[in-house]
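> The numbering of the sequence shown is the working numbering, which starts it at 6 and goes up by one.
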Amino acid sequence: SDKQVMVVPDHPSGVREIPVPEEKRTLPSLTDEQLLHLAELGYRVQEIYGTPQDIEWALHQGVFYVLQTRPLTAYTFAPEIGQWTSANFREVMPGFITPLSFSIFREHEWGRALEEIFQRLKMTRGETGVEWGRLFFGRAYWNVGEVKRLNSILPGFKERAFDESVGLEPTYEGDGLVTPWTPRTILRALPCLFALQKLYKTLWKEAEAYQREFMEEEAEYSKINPAELSDGELAEQVRYAIERHHRTNRIALLISLLNTQAHDDFAPLVEGLNERNPDAEPISIARLLTGLTGISTGRPLAELWKIGQEALKHERVARTILESKPSELAERLQSFPEGREFWGILQGYIEEFHYMAENDEDMSLPRWEEDPTFVFTTLRSFVETKEAPHPQELVAHQEGVRLREEQRAAELLSRGWLDRLFRKRQFFSSLETLKRYCWWREETRSMLSLAHYHCHRFLAEQGRRWAKQGFIEEPRDIFLLTLDHVLAALEGNLSSEEARAAISKYKRMRRCYRNFEPPLTIGQGISPRAAEVPFRKAPQRVFKGVPCSAGRAAARAKVVRDLSEAHKLKKGEVLVAPYSNPGWVPLFSLAGGIVMEEGGLISHGAIVAREYGIPTVLQIRDATRVFQDGQVLCVDGDRGIVELLEG
Numbered sequence: 006s007d008k009q010v011m012v013v014p015d016h017p018s019g020v021r022e023i024p025v026p027e028e029k030r031t032l033p034s035l036t037d038e039q040l041l042h043l044a045e046l047g048y049r050v051q052e053i054y055g056t057p058q059d060i061e062w063a064l065h066q067g068v069f070y071v072l073q074t075r076p077l078t079a080y081t082f083a084p085e086i087g088q089w090t091s092a093n094f095r096e097v098m099p100g101f102i103t104p105l106s107f108s109i110f111r112e113h114e115w116g117r118a119l120e121e122i123f124q125r126l127k128m129t130r131g132e133t134g135v136e137w138g139r140l141f142f143g144r145a146y147w148n149v150g151e152v153k154r155l156n157s158i159l160p161g162f163k164e165r166a167f168d169e170s171v172g173l174e175p176t177y178e179g180d181g182l183v184t185p186w187t188p189r190t191i192l193r194a195l196p197c198l199f200a201l202q203k204l205y206k207t208l209w210k211e212a213e214a215y216q217r218e219f220m221e222e223e224a225e226y227s228k229i230n231p232a233e234l235s236d237g238e239l240a241e242q243v244r245y246a247i248e249r250h251h252r253t254n255r256i257a258l259l260i261s262l263l264n265t266q267a268h269d270d271f272a273p274l275v276e277g278l279n280e281r282n283p284d285a286e287p288i289s290i291a292r293l294l295t296g297l298t299g300i301s302t303g304r305p306l307a308e309l310w311k312i313g314q315e316a317l318k319h320e321r322v323a324r325t326i327l328e329s330k331p332s333e334l335a336e337r338l339q340s341f342p343e344g345r346e347f348w349g350i351l352q353g354y355i356e357e358f359h360y361m362a363e364n365d366e367d368m369s370l371p372r373w374e375e376d377p378t379f380v381f382t383t384l385r386s387f388v389e390t391k392e393a394p395h396p397q398e399l400v401a402h403q404e405g406v407r408l409r410e411e412q413r414a415a416e417l418l419s420r421g422w423l424d425r426l427f428r429k430r431q432f433f434s435s436l437e438t439l440k441r442y443c444w445w446r447e448e449t450r451s452m453l454s455l456a457h458y459h460c461h462r463f464l465a466e467q468g469r470r471w472a473k474q475g476f477i478e479e480p481r482d483i484f485l486l487t488l489d490h491v492l493a494a495l496e497g498n499l500s501s502e503e504a505r506a507a508i509s510k511y512k513r514m515r516r517c518y519r520n521f522e523p524p525l526t527i528g529q530g531i532s533p534r535a536a537e538v539p540f541r542k543a544p545q546r547v548f549k550g551v552p553c554s555a556g557r558a559a560a561r562a563k564v565v566r567d568l569s570e571a572h573k574l575k576k577g578e579v580l581v582a583p584y585s586n587p588g589w590v591p592l593f594s595l596a597g598g599i600v601m602e603e604g605g606l607i608s609h610g611a612i613v614a615r616e617y618g619i620p621t622v623l624q625i626r627d628a629t630r631v632f633q634d635g636q637v638l639c640v641d642g643d644r645g646i647v648e649l650l651e652g
């Protein structure tokens, strides 16, 4: 660089600018060694505050001094980085994700699934070389810019519909990028469209075949006790659990991606039908997707409800549940005959759903078989409620809602000759495809939860042994290594020093960003503010999100930021949460309405909420900070509106 001006002290106080001497204008201001010292100083300052800092510093007689520091106010990204988002990922990988969990997912599953789906749809030829997933600020992001670019090949693509289906907050006006139906776009996309229709007919059958294979193996596989294996046998089981996870998540991701495409294909048909019938009540996609019946991820809720009803048959059992802390419940129930009998039933439930966790995608977290606290607190809420309706009754009611909405759509599609001859068949064919893939998305999600569980139990045992051998410091530190680290260590190709250095680096990164809330979308065209003034309750009373599950509910809000706060939710209250995953499902039957910061129309939480007829609105930004416990909210799941009525 060519430096023209320098700032120097102006005694007795202040500073002044002077020209840089000619011989110094092209010289570096700092040596490489000084730059390293300065970078380390910046790290140390950020570690203290846990968020990116704007640091003013001075160098005097070879020593760096920090003059002042404050949170970084704004930042931008280089255009070549593209666009990345954590939308949809936040539902399955919220907050910091451990390096092992993310490296298994990103490097060996997410990217490969995207490459496969695009190749099978004739949208790419061979490997693209695109980086499909990566970490920013320790959080998981995916390459939404590239996904949209490839999806826009298909006529009918509408960027806003795509964003809403995956839970992405639009950064543009109107519908964004739209690919119209024209002779040119149709001709260009014909190979893709034919391949897509073929895939709609076959992929769910692939999932069905894999499910049979998976479940046939599951019973025997679950009997393997990691603690009883030799070191060599354990290493083999770690490798196999990871390989089995790859196969399971491959089919789960392919189903999920095709489910998103099915929604994007169907949404314009609903919009067109509503536009042609402006005087009729709009047809709701949410109502058309409710009451699908047999959603596998909804089973834990239904079964726990039954156990709650069983507890209410025995006064002492119910009283014990209400009066006991989770840590005391097992011992107190087993102290009297009815309690022992009930404990056997409850144990059976925990054994059946032993693989579940608050966030099962994070392989480091304990499963219900290790820590059933959430089961006990939710059971207590069921017992307190007493008169909660049977979940199956709710599902049956929602099935009726769906059938009536289908009938309304059929009547509207019988009015004009074009509708009768062409559009009606296309409408219901697309709807059946979407329903099928919504259902299979949840089926594969249940298999994936089991695959997460097996990785967790074998890796946890490997971590215990490595800690005992002094290879790592703590057993859980194994989850702070990447997959490449773990596989290298199993082969003897990673030293303890290398492993500990990688673990230390990750822990430091977490400390540096522990108080930082990263933006939903980053990259080209995005200029987020990195730090804001302390959050204050918004003066607005009406908030617009994405309608997910039809109906209206007005009740007091209960903010549940994670499952450690699950005990706060009482029957009929509005659950305000950042996201949901299968581990949250038992809470749903208590909620009178649901408001979430994350999720899309076909996300896991949306599908389960519709099954039980819970009015739900998604993508209410900062909902867990905007709303407070005790405020009265009206949740309109038809319009996607949340109104603050009181408080």
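Every residue gets a Cβ at the ideal spot worked out from N, C-alpha and C, and that includes glycine.
Can you tell me whether DSSP reads R541 as helix, strand or coil?
Here residue 541 corresponds to residue number 536 of the sequence shown, with the count starting at 1. For R541, the predicted structure reports a pLDDT of 47, less than 50, and the residue's modelled location is therefore unreliable. A value from the coordinates is still provided. In this structure, R541 counts as coil in the three-state DSSP scheme.
> If you draw a straight line from the alpha carbon of T382 to that of Y584, how long is it in whole angstroms?
Locating residue 382 in the sequence shown gives position 377, where the first residue counts as 1. Locating residue 584 in the sequence shown gives position 579, where the first residue counts as 1. T382 and Y584: Cα-Cα distance of roughly 19 Å.
> From the DSSP output, which residues share a beta bridge with A582?
Residue mapping note: residue 582 aligns to position 577 of the sequence shown, counting from 1. The partner list for A582 (beta bridge, DSSP) reads M601.
> Counting only the same chain and skipping the five closest in sequence on each side, list residues whose C-beta sits under 8 Å from that of T244.
Position 239 of the sequence shown, counting from 1, holds the residue named residue 244. One detail in the question is off: residue 244 reads as Arg in this sequence, not Thr. Closer than 8 Å at the Cβ level, and outside the excluded window around R244, lie L492, L495.
> Could you name the residues that DSSP lists as bridge partners for F341?
Residue 341 sits at position 336 when you count from the first residue of the sequence shown. None, per the DSSP bridge assignment.
> Which residue from W348, A291, T302 puts its Cα closest to that of G319?
Start at 1 with the first residue of the sequence shown, and residue 319 comes out as number 314. Going by the sequence as given, residue 319 is His instead of Gly. Comparing Cα-Cα distances from H319 to each of W348, A291, T302, the minimum goes to W348.
> Comparing C-alpha positions only, which one of V406, R165, L384, L418 sits nearest to D643?
Along the sequence shown, one-based indexing puts residue 643 at 638. Ranking the options by Cα distance to D643, first place goes to V406.
> If you draw a straight line from the alpha carbon of L293 to that of C443, how long is it in whole angstroms?
Looking up residue 293 in the sequence shown gives position 288. Looking up residue 443 in the sequence shown gives position 438. Rounded to the nearest angstrom, the two C-alpha atoms are 12 Å apart.
> Please go through the same chain and pick out, in chain order, the residues whose beta-carbon is closer than 8 Å to the beta-carbon of G588, but skip the five residues on each side of it.
Translated into positions along the sequence shown, residue 588 becomes position 583. For G588, where only same-chain residues beyond five positions count, the Cβ hits under 8 Å are M361, A362, E363, N364, D365, F379, L568.
> What is the rounded straight-line gap between the Cα of G161 and the Cα of L623?
On the sequence shown, position 156 is the one that residue 161 refers to. On the sequence shown, position 618 is the one that residue 623 refers to. The alpha-carbon atoms of G161 and L623 are separated by roughly 24 Å.
> Which residues in the same chain as K127 place their Cβ atom closer than 7 Å to its Cβ, once the five residues preceding and following it in sequence are excluded?
In the sequence shown, residue 127 corresponds to position 122, counting from 1. Contacts found: P196, C197, A200.
> Output yes or no for whether 8 Å exceeds the beta carbon distance between W137 and W89.
Taking the first residue of the sequence shown as position 1, residue 137 is located at position 132. Taking the first residue of the sequence shown as position 1, residue 89 is located at position 84. No, these two residues do not count as a Cβ contact at 8 Å.
> Roughly how many whole angstroms lie between the Cα atoms of R557 and M98?
By 1-based counting over the sequence shown, the position of residue 557 is 552. By 1-based counting over the sequence shown, the position of residue 98 is 93. About 30 Å.
> Which residues does DSSP list as the beta-bridge partners of G528?
Here residue 528 corresponds to residue number 523 of the sequence shown, with the count starting at 1. BP columns for G528 point to Q88.
> Would T176 pass as a contact of T184 if the rule is Cβ separation under 8 Å?
Here the question's residue 176 lines up with position 171 in the sequence shown. Here the question's residue 184 lines up with position 179 in the sequence shown. The answer is no: Cβ separation not under 8 Å.
> According to the neighbour-count rule (16 or more other Cβ atoms, all chains shown, within 10 Å of its Cβ), is P305 buried or exposed?
Taking the sequence shown and counting its residues from 1, one reaches residue 305 at position 300. Buried, since its Cβ has 16 or more Cβ neighbours within 10 Å.
> Give the straight-line distance between the Cα atoms of F548 and G604, rounded to the nearest whole angstrom.
The residue given as residue 548 occupies position 543 in the sequence shown. The residue given as residue 604 occupies position 599 in the sequence shown. One C-alpha to the other measures close to 16 Å.
> Please name the residue in A79, Q51, Y48, E286 whose C-alpha comes closest to that of I527.
Along the sequence shown, read from residue 1 onward, the residue named residue 527 stands at position 522. Selected option, being the one with the closest Cα: A79.
> Within the continuous alpha helix (DSSP H) that includes A267, where are the two ends?
Stepping through the sequence shown from its first residue, residue 267 is reached at position 262. Its alpha helix (DSSP H) spans residues 236 to 281.
> Classify E708 as helix, strand or coil using the three-state DSSP reduction.
The requested residue 708 does not occur in the structure, where the chain is confined to residues 6 to 652.
> Give the list of continuous alpha helix (DSSP H) stretches no shorter than 4 residues that lie fully inside the region 21 to 45.
Taking only runs of at least 4 residues, no alpha helix (DSSP H) segment lies wholly in the region 21 to 45.
> Going by other Cβ atoms of all chains shown within 10 Å of its Cβ, with 16 needed for buried, is I122 buried or exposed?
Sequence index remark: in the sequence shown, residue 122 carries index 117 (1-based). I122 comes out buried.
> For T566, I'd like the list of residues in its chain whose CB is within less than 8 Å of its CB, leaving aside the five on either flank, ordered along the chain.
Here residue 566 refers to the residue found at position 561 when the sequence shown is read from its first residue. One point to set straight first is that residue 566 is Arg, not Thr, in the sequence displayed. For R566, where only same-chain residues beyond five positions count, the Cβ hits under 8 Å are A582, P583, T629.
> Short of 7 Å in beta carbon distance, which residues of its chain neighbour K8, apart from the five on each side in sequence? Order them along the chain.
By one-based count along the sequence shown, residue 8 stands at place 3. Closer than 7 Å at the Cβ level, and outside the excluded window around K8, lie V25, R30.
> Please state whether the Cβ-Cβ distance between G143 and M514 is less than 8 Å.
In the sequence shown, residue 143 corresponds to position 138, counting from 1. In the sequence shown, residue 514 corresponds to position 509, counting from 1. It is a contact, given that the beta carbons lie within the stated cut-off.
> What separation, rounded to the nearest whole angstrom, lies between the Cα atoms of L426 and S419?
As a working mapping, residue 426 is identified with position 421 in the sequence shown. As a working mapping, residue 419 is identified with position 414 in the sequence shown. Each residue's Cα considered, the two are about 9 Å apart.
> Out of D641, L606, I326, E616, state which residue places its alpha-carbon closest to the alpha-carbon of Q266.
Within the sequence shown, the letter at position 261 stands for residue 266. Selected option, being the one with the closest Cα: L606.
> Throw me the rounded Cβ distance for the W671 and F358 pair, which I believe falls under 8 Å.
Coverage of the chain is limited to positions 6 through 652, which leaves residue 671 absent and any answer about it impossible.
> With a threshold of 16 other CB atoms inside 10 Å of the CB of Q412, please say whether the residue is buried or exposed.
Here residue 412 refers to the residue found at position 407 when the sequence shown is read from its first residue. The residue in question, Q412, is exposed, as its Cβ has fewer than 16 Cβ neighbours within 10 Å.
> Does DSSP put L653 in a helix, a strand or coil?
Residue 653 lies beyond the range of the chain shown here (6 to 652); nothing can be said about it.
> Between V71 and K512, what straight-line distance do the alpha-carbon atoms span, to the nearest angstrom?
Position 66 of the sequence shown holds residue 71. Position 507 of the sequence shown holds residue 512. In a straight line, the C-alpha of V71 is about 24 Å away from that of K512.
> For K163, count neighbouring Cβ atoms within 10 angstroms of its own Cβ and tell me buried if that reaches 16, exposed if not.
Numbered from its first residue, the sequence shown carries residue 163 at position 158. K163 should be labelled buried.
> Is it buried or exposed, S34, if we count other Cβ atoms within 10 angstroms and call 16 or more buried?
In the sequence shown, counting from the first residue as 1, residue 34 sits at position 29. Classification of S34: exposed, given that the 10 Å Cβ count is below 16.
> Leaving out five residues on either side along the sequence, give the residues of the same chain with a beta carbon under 6 Å from the beta carbon of T295.
As a working mapping, residue 295 is identified with position 290 in the sequence shown. Within the same chain, T295 has close Cβ partners Q403, V406, R407, R615.
> Could you give the first and the last residue of the continuous alpha helix (DSSP H) run that contains I122?
If you number the sequence shown from 1, residue 122 lands on position 117. Start and end: 116 to 125.
> Measuring only the C-alpha atoms, how far is R252 from A212?
For the purposes of this step, residue 252 is taken as residue 247 along the sequence shown, with counting starting at 1. For the purposes of this step, residue 212 is taken as residue 207 along the sequence shown, with counting starting at 1. Rounded to the nearest angstrom, the two C-alpha atoms are 11 Å apart.
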